[in-house]
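The listed protein sequences correspond, in order, to chains V and F. Just so we're aligned, residue 495 is where the first sequence starts under the working numbering, counting upward by one. Just so we're aligned, residue 369 is where the second sequence starts under the working numbering, counting upward by one. Positions of the beta carbon are idealized from the N, C-alpha and C atoms, including for glycine.
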Amino acid sequence: MEVILAFVIGGLFALAIYMLLRRSLVKLLIGLALLSHAANLLIFTAAKLTRGRPPVIGMETAALEPPFADPLPQALILTAIVISFGVMAFALALAFRAYRSVGTDDLDQMQSTDV
Amino acid sequence: MTSIRCRAQTFEAEHPEEFLMNVLLILPILIPMLTAVLALLLQKSRSTQRAVSSIGAWTLFAAAAWLVVDVWRNGIQAAQMGNWPAPYGITLVADLFSAVMVLLAGIIAAAVGMYSLVSVDAQREEFGYHSLYHFLLMGVCGAFLTGDLFNLYVWFEVMLMASFVLMALGGERGQMEGAIKYVTLNLISSALFLSALGLLYAIAGTLNMADLAYKFSDVSASQHPGLMTTLAILFMLAFGIKAAVFPLFFWLPASYHTPPVAVSALFAGLLTKVGVYALIRVFTLIFLQDVGYTHSLILVIAGLTMVSGVLGAVAQYDFRRLLSFHIISQIGYALMGLGIFTASALGGAVFFIFHVSIAKASLFLVSGVAQRLYRTCDLKRLGGLYQTQPMLAALFLVSAMSLAGIPPFSGFFAKLGLVKAGLDTGQHVIVAVALGVSLLTLFSMLKIWGEAFWKPIPDQSGTTGGLSGVRLSNWLFPIAILSAISVVLGLGAGPAFNFALQAGEQLMDPSLYIQAVLGGAP
């Protein structure tokens, strides 16, 4: 499972970077979204996948027995998802306003602030 | 040493000091938050909003000063939020470096806040300029005070979100283009940071900085030396983008000159410094496994950052763009202290960061006055400011000479400390680069002086209209405060440098930090 996810994450990072390098503003945004998904999945996978062992203390046992899923990475991911959701919403609005004021979605045309 | 241990132990015993300590550490986050929320609620009334914003900024300054005094007297302070013990809960830590950075945030907040009252237009104020301003400060102070890496990520995002909106607020075409670049690069940096966090958690099983430092000092990275270096570089990339170091700085000169000047000054004074702070924190506490490789790399990057920044500045003919390139160049000096990696070098870096933020914010505010008078920042169309605004010229000269490192001002002593640390450790190349870049800095400051202040008023009708009879004292007062700090830091360089050296020694000895957070025996 880890191996499959490793390839998925690598693929997502590659796709994200490919999209970020495109000239279209919308594709740039898709790239950013993919990038945050890749990072979230990376946290999820790096902290080891444990199936069917929730970190819950049962009625009979007094303490958690070792092979259990680590809840912390999932809490981290949840936080990161919420943050990236807010940021994406802002980025979409910004892209729309930029499109309206510049009149194009071609990033190569947005050079008036460079030298 | 003993006092720190005592402080850590009083934490478990219920002690009235504990409450005070907790309050002191959380105030620099709480004050901007309350101010921002209040300003948001009072959005209808512009004048109350402005009053609340000013009071909030000055209160933040007072709380930060109190924190510095407390940390100076009692050593590193730590507080566990929600009373969860250290590696599990979120820790707030203030060592001297953090406390000084919070004080810096307080000073910049107060001065730039005052300046925004006169310079930011009513429309931006109605759209929540003041609450965004304080949300930004909340993120900055949180990043300086947190003792947990994931929490640092969250504070970064709070700060970035506020800065995104401040950058775009107003919706001018230049702002939109600048904001797109700024947002994209910062989101890439956040994603890298997040990935690095995930991998670090997989190796160490903790994200508390003190706990990480403790674990890695024990095992001395015998487990995954290669992975640790990879992680170190990932963190360097993520923070390097935020700090605008050599190959990663292109977003900064493309965006920092687009928003209103008060926003530029706030960003110039604080945002890149948060990146530098994070770099220094992580590379003095956690990634010490392969100092020969990582810190030498930082030194090389520092040199390249200085040179590329100043060369960019020399080529510019726009007041604010020139200053933007200088931000990059100055980041190099701060990293030079980290790269040399001795207590005195880190002390020099702390002193330098403090000095440069103040000088840089002050210079941006000066450029705002010039823009107010001439409606342009193009140096070729400015002129005669020395004649018409002698006070402004004097204030500019103080900050500019301070930035270039001319003796009576703070910049001289900051650079002296770094250069001396470099010579002591035999790093002659970086010292030569630092001194050469100083000369170029002086050259580009003199270029501004010659073009904007010294040369006669260019006789283009229309641009000089409204030059006479403009009351500028409200604009000049915040600049005067910042310049005065620059002068005081220069004249009182002895005690100030002693303070910075103490901060450097604390940074060089991670065991102090670990003890303050985890207690005597973790």
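Taking C-beta to C-beta, are residue i and residue j nearer than 7 Å?
| i | j | result |
| --- | --- | --- |
| F/Val-682 | F/Leu-808 | yes |
| F/Thr-662 | F/Ala-572 | no |
| F/Ser-767 | F/Ala-727 | yes |
| F/His-498 | F/Gln-411 | no |
| F/Phe-821 | F/Ala-761 | yes |
| F/Gln-543 | F/Pro-627 | yes |
| F/Leu-638 | F/Ile-423 | no |
| V/Thr-607 | F/Ala-622 | yes |
| F/Ala-490 | F/Trp-426 | no |
| F/Phe-429 | F/Val-718 | no |
| F/Ala-454 | F/Leu-753 | no |
| F/Ile-798 | F/Gly-785 | no |
| F/Ala-864 | F/Ile-444 | no |
| V/Ala-532 | V/Ile-503 | yes |
| F/Leu-500 | F/Ala-530 | yes |
| F/Gly-643 | F/Thr-673 | no |
Excluding five sequence neighbours on each side, which residues of the same chain lie with their C-beta closer than 8 Å to the C-beta of residue i?
| i | result |
| --- | --- |
| F/Leu-328 | Nothing can be reported for residue 328 of chain F: it is not among the residues displayed for chain F, which extend from 369 to 890. |
| F/Gln-757 | Val-737, Leu-741, Leu-840 |
| F/Ile-695 | Ala-612, Leu-620, Tyr-624, Ala-636, Thr-640, Gly-677, Lys-728 |
| F/Ile-556 | Ile-609 |
| F/Ser-829 | Any reading at F/Ser-829 must be qualified, since the residue scores a pLDDT of 49, below 50, and its modelled position is unreliable; the value itself is stated next. Within the same chain, F/Ser-829 has no close Cβ partners at all. |
| F/Ile-774 | Phe-780, Leu-810 |
| F/Val-437 | none |
| V/Arg-517 | Asp-600, Leu-601, Asp-602 |
| F/Ala-431 | Leu-392, Leu-395, Pro-396, Ile-399, Gly-474 |
| F/Val-420 | Thr-403, Leu-406, Ala-407, Leu-410, His-498 |
Can you tell me whether residue i sits near the ligand GTP, meaning its C-beta is under 6 Å from at least one heavy atom of the ligand?
| i | result |
| --- | --- |
| F/Leu-638 | Because no ligand of any kind appears in the structure shown, any question about the ligand GTP cannot be addressed here. |
Residue i and residue j look like a contact to me (Cβ under 8 Å); what is the Cβ gap, rounded to whole Å?
| i | j | result |
| --- | --- | --- |
| V/Leu-586 | V/Leu-519 | That pair is no contact at about 10 Å. |
| F/Leu-606 | F/Met-704 | Per the sequence shown, residue 606 of chain F should be read as Ala rather than Leu. The Cβ separation is near 20 Å, so there is no contact. |
| F/Leu-706 | F/Ile-654 | F/Leu-706 to F/Ile-654, Cβ: 13 Å. No contact. |
| F/Val-480 | F/Leu-634 | 5 Å |
| F/Met-527 | F/Ala-547 | So it is not a contact: roughly 15 Å between Cβ atoms. |
| F/Leu-472 | F/Phe-687 | Contact doesn't hold; Cβ gap of about 24 Å is too wide. |
| V/Pro-565 | V/Pro-549 | 5 Å |
| F/Leu-534 | F/Ala-462 | In fact, because the Cβ distance is near 26 Å, the residues do not count as touching under 8 Å. |
| F/Thr-597 | F/Asp-658 | 5 Å |
| F/Ser-632 | F/Phe-732 | 5 Å |
By Cβ distance, which residues of its chain are closer than 7 Å to residue i, with the 5 residues on each side in sequence left out?
| i | result |
| --- | --- |
| V/Ser-578 | Ser-530 |
| V/Tyr-543 | Strictly speaking, residue 543 of chain V in this sequence is Leu, with Tyr absent from that position. Excluding residues within five positions, the ones whose Cβ falls inside 7 Å are Met-495, Glu-496. |
| F/Tyr-553 | Per the sequence shown, the amino acid found at residue 553 of chain F is Leu instead of Tyr. Excluding residues within five positions, the ones whose Cβ falls inside 7 Å are Ile-609, Trp-619. |
| V/Pro-567 | Ile-537, Phe-538, Ala-541 |
| F/Leu-563 | As written in the sequence, residue 563 of chain F is Ser, which differs from the Leu given in the question. For F/Ser-563, where only same-chain residues beyond five positions count, the Cβ hits under 7 Å are Leu-602. |
| F/Ile-669 | Val-613, Phe-614, Leu-703 |
| F/Val-675 | Val-801, Val-805 |
| F/Gly-496 | Leu-408, Gln-411 |
| F/Glu-525 | Ser-558 |
Give me, in chain order, the residues of the same chain whose beta-carbon lies closer than 6 Å to that of residue i; leave out the 5 immediate sequence neighbours on both sides.
| i | result |
| --- | --- |
| F/Ala-711 | Gly-872, Glu-873, Met-876 |
| F/Ser-484 | Ala-630 |
| F/Ile-458 | Met-449, Asp-516, Asn-519 |
| F/Ile-816 | none |
| F/Ala-861 | Phe-781 |
| F/Ile-724 | According to the sequence as given, residue 724 of chain F is Val; it is not Ile. Here the set comprises Gln-698. |
| F/Ala-381 | Confidence at F/Ala-381 is low in this model, with a pLDDT of 46, below 50, so the placement of that residue should be treated as unreliable; the coordinate-derived value is given next. So no residue of the chain qualifies. |
| F/Ser-778 | His-723, Ser-770, Ser-854, Leu-857, Gly-858 |
| F/Ala-868 | Gly-715, Val-718, Phe-719 |
| F/Thr-832 | Only weak support exists for where F/Thr-832 lies, its pLDDT of 49 falling under 50; the value from the coordinates is given anyway. Ile-825. |
| F/Thr-652 | Leu-875 |
Three or more beta-carbon pairs under 8 Å between the stretch 505 to 519 of chain F and the stretch 397 to 417 of chain F, yes or no? yes
Could you tell me whether the stretch 500 to 517 of chain V touches the stretch 555 to 575 of chain V, using the rule of 3 or more Cβ pairs below 8 Å? Proximity of the stretch 500 to 517 of chain V to the stretch 555 to 575 of chain V falls short of the contact definition, fewer than three beta-carbon pairs being nearer than 8 Å.
Closer than 7 Å, Cβ to Cβ, to anything on chain V: give me those residues from the stretch 534 to 563 of chain F, in chain order. Ala-536, Gly-539, Arg-541, Gly-542, Met-544, Glu-545, Gly-546, Ala-547, Ile-548, Val-551, Thr-552, Leu-555, Ile-556, Ala-559, Leu-562, Ser-563
At a Cβ cut of 8 Å, what residues of the stretch 517 to 537 of chain V count as close to chain F, listed as they run along the chain? Of all residues in the stretch 517 to 537 of chain V, the ones placed with a Cβ closer than 8 Å to any Cβ belonging to chain F are Leu-519, Leu-522, Leu-526, Leu-529, Ser-530, Ala-532, Ala-533, Asn-534, Leu-536, Ile-537, in chain order.
When the Cβ atoms of the stretch 529 to 539 of chain V are set against those of the stretch 589 to 607 of chain F, are three or more pairs found closer than 8 Å? no
Can you pull out the residues from the stretch 578 to 592 of chain V whose beta carbon lies closer than 8 Å to at least one beta carbon of chain F? Per Cβ criterion, the list reads Gly-580, Val-581, Phe-584, Ala-585, Leu-588, Ala-589, Arg-591, Ala-592.
Taking only beta carbons into account, state which residues of the stretch 615 to 626 of chain F come closer than 9 Å to chain V, listed in chain order. Interface annotation for the stretch 615 to 626 of chain F against chain V: Phe-618, Pro-621, Ala-622, Ser-623, His-625, Thr-626, criterion Cβ-Cβ distance under 9 Å.
Name, going along the chain, the residues of the stretch 623 to 657 of chain F whose beta-carbon falls closer than 8 Å to a beta-carbon of chain V. Ser-623, His-625, Thr-626
Relative to chain F, which residues along the stretch 536 to 552 of chain V have a C-beta separation below 9 Å, given in chain order? Leu-536, Ile-537, Phe-538, Thr-539, Ala-540, Ala-541, Lys-542
Select from the stretch 553 to 580 of chain V all residues with a C-beta closer than 7 Å to any C-beta belonging to chain F, and list them in chain order. Pro-567, Leu-570, Thr-573, Ala-574, Ile-577, Gly-580
Give me the subset of the stretch 470 to 482 of chain F whose CB atoms are less than 7 Å from a CB atom of chain V, sorted by chain position. For the stretch 470 to 482 of chain F, no residue has a beta-carbon sitting nearer than 7 Å to a beta-carbon of chain V.
Give a yes or no on contact between the stretch 400 to 408 of chain F and the stretch 575 to 586 of chain F, applying the rule of three or more CB pairs nearer than 8 Å. no
What are the residues of the stretch 506 to 528 of chain F that lie near chain V, defined by any Cβ-Cβ distance shorter than 7 Å? Phe-518, Val-522, Glu-525
For the stretch 595 to 607 of chain V, list every residue whose C-beta sits within 7 Å of some C-beta in chain F, in sequence order. Result list: Ser-595, Val-596, Met-604, Ser-606, Thr-607.
Taking a Cβ distance cut-off of 8 Å, strictly less, list which residues of the stretch 576 to 610 of chain F are near chain V, in chain order. none
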